[in-house]
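Here's the structure we're looking at; comments come further down.
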């Protein structure tokens with residue numbers, strides 16, 4: 039690749055793998071714990087959210103550094119910028135998914151409490 | 112924590128939110144996913160408004176030509192060429208590829224638009240099958256819903272025109288051609304629209320009008336209609352469950368939960384899940400910016416519209432224009448009169464199987480056109496199987512291309 043600017047940090051692929059691993063482990067843990075105790079599921083989700091927020095901030099930091107680098111604008115630079123933004127979107131997606139799990143889990147618990155259909 | 116709880120209680124008390132938050136919602140509506148689809152459409156509208164606001168700040172409509180680099184997401188585009196493109200295209204290019212996080216912003220806007228269109232279609236057919244318009248006040252909600260659906264498709268087409276890529280120009284051609292249909296009946300709607308646009312071809316003024324319609328006029332009407340719809344649901348309740356047994360239906364309708372925290376938790380979860388899916392689509396299948404259009408350029412063969420209007424495009428190409436061009440008008444008009452025609456009987460599926468069949472035919476018309484549009488590259492030579500022919504004269508666009516005057 040003929041990059042006009044060089045990124046000092048994790049590559050987009052590495053970041054994507056790390057984020058996907060955290061997201062999958064987080065989603066399975068939270069989903070599993072929702073069947074045991076919602077409170078612990080919430081704490082676990084919060085923990086994974088923190089890890090994902092750090093990853094997201096790191097990725098966004100790279101994106102801003104890339105776009106504000108002098109000489110940015112070549113075809114390869116733009117492609118790299120898009121790749122990092124896709125990773126950022128994926129991390130955000132995982133964060134929202136964990137929060138959605140907890141929220142829907144809360145509704146399910148309310149259903150059980152009020153003697154619903156379960 | 113105690114202070115936060117006190118603050119929350121204070122907000123509820125001082126803003127008089129208690130009555131709203133605790134209004135009863137039937138439990139079957141919370142448990143049945145068929146009752147969530149309207150929420151998905153409404154949430155998409157809010158996401159579109161927020162992302163659209165940011166995009167509107169960065170977008171500049173205009174036809175003046177600028178040199179624009181190639182689209183990195185388009186297959187076959189390489190770094191060497193530079194294209195001539197309009198200011199509109201160039202500004203969307205800048206938002207998408209030269210602004211940090213602009214790519215995510217535009218992709219969320221696009222995917223939310225598609226989500227909304229899909230949810231609107233699904234919500235329409237769900238309510239059609241459930242016979243929601245049969246309850247008291249249901250007809251008014253149905254009328255609002257059909258109007259909102261019509262405006263949603265309008266918004267999609269208007270938004271699709273704005274980047275002024277080749278597909279957008281195809282959209283303006285097909286869209287304006289629809290107005291010409293009224294001329295068959297001696298109603299000069301097409302001429303009226305052209306007079307309003309003030310031009311036979313795309314100009315700065317035309318694109319500015321489309322921009323204003325897309326970001327201001329249509330959304331304003333949509334939000335007013337949506338407000339009326341939410342108000343109607345809040346005070347008139349949701350559709351009854353499709354149960355034939357009177358006793359069971361009454362029992363299901365009496366089983367209620369407060370909106371807060373029950374439905375609230377579910378709605379928040381649904382919104383987060385929806386956004387999560389949209390962002391996953393952004394990450395996995397980003398949509399390219401497509402080929403730029405240059406004023407005067409004809410739309411080449413092979414350029415096809417996106418899926419929400421693909422069915423219409425297919426029918427315009429394959430059926431006699433007298434039937435096909437006005438098909439959306441007939442579908443909307445028919446949808447509007449459905450509550451007047453379907454008045455008797457209950458709401459269970461077995462009691463109203465005729466109307467369920469009509470709904471299925473409705474789905475089949477749109478579904479068949481969409482699938483066929485993707486399978487067959489329209490236009491192509493006449494074949495006995497698909498009866499696809501070259502576009503008839505009727506589908507020649509109103510908007511032509513500017514002719515050079517003088518030497």
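Protein chains in written order, with the numbering used here: chain A, 39 to 156; chain B, 112 to 518.
Virtual Cβ for every residue (Gly too), placed ideally from N, Cα, C.
For clarity, every value in this text was computed on a predicted model and none was experimentally measured.
Could you check whether the Cβ of residue i sits closer than 8 Å to any Cβ belonging to chain B?
| i | result |
| --- | --- |
| residue 77 of chain A | no |
| residue 45 of chain A | no |
| residue 100 of chain A | no |
| residue 64 of chain A | no |
| residue 131 of chain A | yes |
| residue 84 of chain A | no |
| residue 94 of chain A | no |
| residue 55 of chain A | no |
| residue 105 of chain A | yes |
Taking DSSP as the reference, what is the three-state secondary structure of residue i?
| i | result |
| --- | --- |
| residue 462 of chain B | coil |
| residue 315 of chain B | helix |
| residue 473 of chain B | helix |
| residue 396 of chain B | coil |
| residue 174 of chain B | coil |
| residue 52 of chain A | helix |
| residue 455 of chain B | coil |
| residue 133 of chain B | coil |
| residue 182 of chain B | coil |
| residue 367 of chain B | strand |
| residue 372 of chain B | helix |
| residue 82 of chain A | helix |
| residue 210 of chain B | coil |
| residue 431 of chain B | coil |
Can you confirm whether residue i, when its beta carbon is compared against all beta carbons of chain A, has any partner nearer than 8 Å?
| i | result |
| --- | --- |
| residue 493 of chain B | Confidence is the limiting factor: at residue 493 of chain B the pLDDT is only 31, short of 50, which leaves the residue's position unreliable and the question unanswerable from this model. |
| residue 479 of chain B | no |
| residue 398 of chain B | no |
| residue 133 of chain B | no |
| residue 262 of chain B | no |
| residue 376 of chain B | yes |
| residue 384 of chain B | yes |
| residue 180 of chain B | yes |
Hey, out of the options, whose CA is closest to residue i's CA?
| i | options | result |
| --- | --- | --- |
| residue 198 of chain B | B:173, B:209, B:429 and B:425 | B:173 |
| residue 411 of chain B | B:419, B:402 and B:206 | B:402 |
| residue 141 of chain B | B:367, B:302 and B:416 | B:367 |
| residue 232 of chain B | B:257, B:252 and B:355 | B:257 |
| residue 84 of chain A | A:96, A:64 and A:73 | A:64 |
| residue 89 of chain A | A:61, A:150 and A:112 | A:61 |
| residue 334 of chain B | B:153, B:419, B:138 and B:365 | B:153 |
| residue 399 of chain B | B:267, B:276, B:147 and B:229 | B:276 |
| residue 248 of chain B | B:363, B:433, B:346 and B:467 | B:346 |
| residue 308 of chain B | B:320, B:208 and B:297 | B:320 |
For residue i, which residues in chain A fall below 9 Å Cβ to Cβ?
| i | result |
| --- | --- |
| residue 274 of chain B | The contacting residues do not exist; residue 274 of chain B stays about 17 Å from chain A at best. |
| residue 368 of chain B | 148, 149, 152 and 154 |
Using the beta-carbon of each residue, which ones in chain B are nearer than 7 Å to residue i?
| i | result |
| --- | --- |
| residue 123 of chain A | 212, 214 and 215 |
| residue 71 of chain A | Here the premise fails: no neighbours, minimum Cβ distance about 16 Å. |
Check the Cβ of residue i against every Cβ in chain A and list those closer than 7 Å, keeping chain order.
| i | result |
| --- | --- |
| residue 380 of chain B | 138, 141, 142 and 145 |
| residue 387 of chain B | 131, 134, 135 and 138 |
| residue 373 of chain B | 145 and 148 |
| residue 183 of chain B | 113, 116, 117 and 120 |
Using a Cβ cut-off of 9 Å, pull out every chain B residue sitting near residue i, in sequence order please.
| i | result |
| --- | --- |
| residue 128 of chain A | 390, 391, 393, 394 and 395 |
If you drop the 5 nearest sequence neighbours on each side, which residues of the same chain put their C-beta closer than 6 Å to that of residue i?
| i | result |
| --- | --- |
| residue 300 of chain B | 290 and 293 |
| residue 202 of chain B | 170 and 171 |
| residue 271 of chain B | 279 and 282 |
Which chain A residues are close to residue i, counting only those with a beta carbon under 8 Å from its beta carbon?
| i | result |
| --- | --- |
| residue 208 of chain B | 116, 119 and 120 |
Could you work out which residues of chain B lie near residue i, taking near to mean beta carbons separated by less than 8 Å?
| i | result |
| --- | --- |
| residue 109 of chain A | The contacting residues do not exist; residue 109 of chain A stays about 13 Å from chain B at best. |
With a threshold of 8 Å on Cβ separation, who are the neighbours of residue i within its own chain once the five nearest residues in sequence on each side are excluded?
| i | result |
| --- | --- |
| residue 94 of chain A | 126, 129, 130 and 133 |
| residue 495 of chain B | Model confidence at residue 495 of chain B stands at a pLDDT of 28, short of 50, so the residue's coordinates are unreliable; what they give is reported in the following sentence. Contacts found: none. |
Note down, in chain order, each residue of its chain lying with its Cβ closer than 7 Å to the Cβ of residue i, except the 5 sequence neighbours on either side.
| i | result |
| --- | --- |
| residue 459 of chain B | 353, 354 and 355 |
| residue 177 of chain B | 196, 198 and 201 |
For the ligand FMN, is there any heavy atom lying closer than 7 Å to the beta carbon of residue i?
| i | result |
| --- | --- |
| residue 387 of chain B | The model depicted lacks the ligand FMN and carries no ligand whatsoever. |
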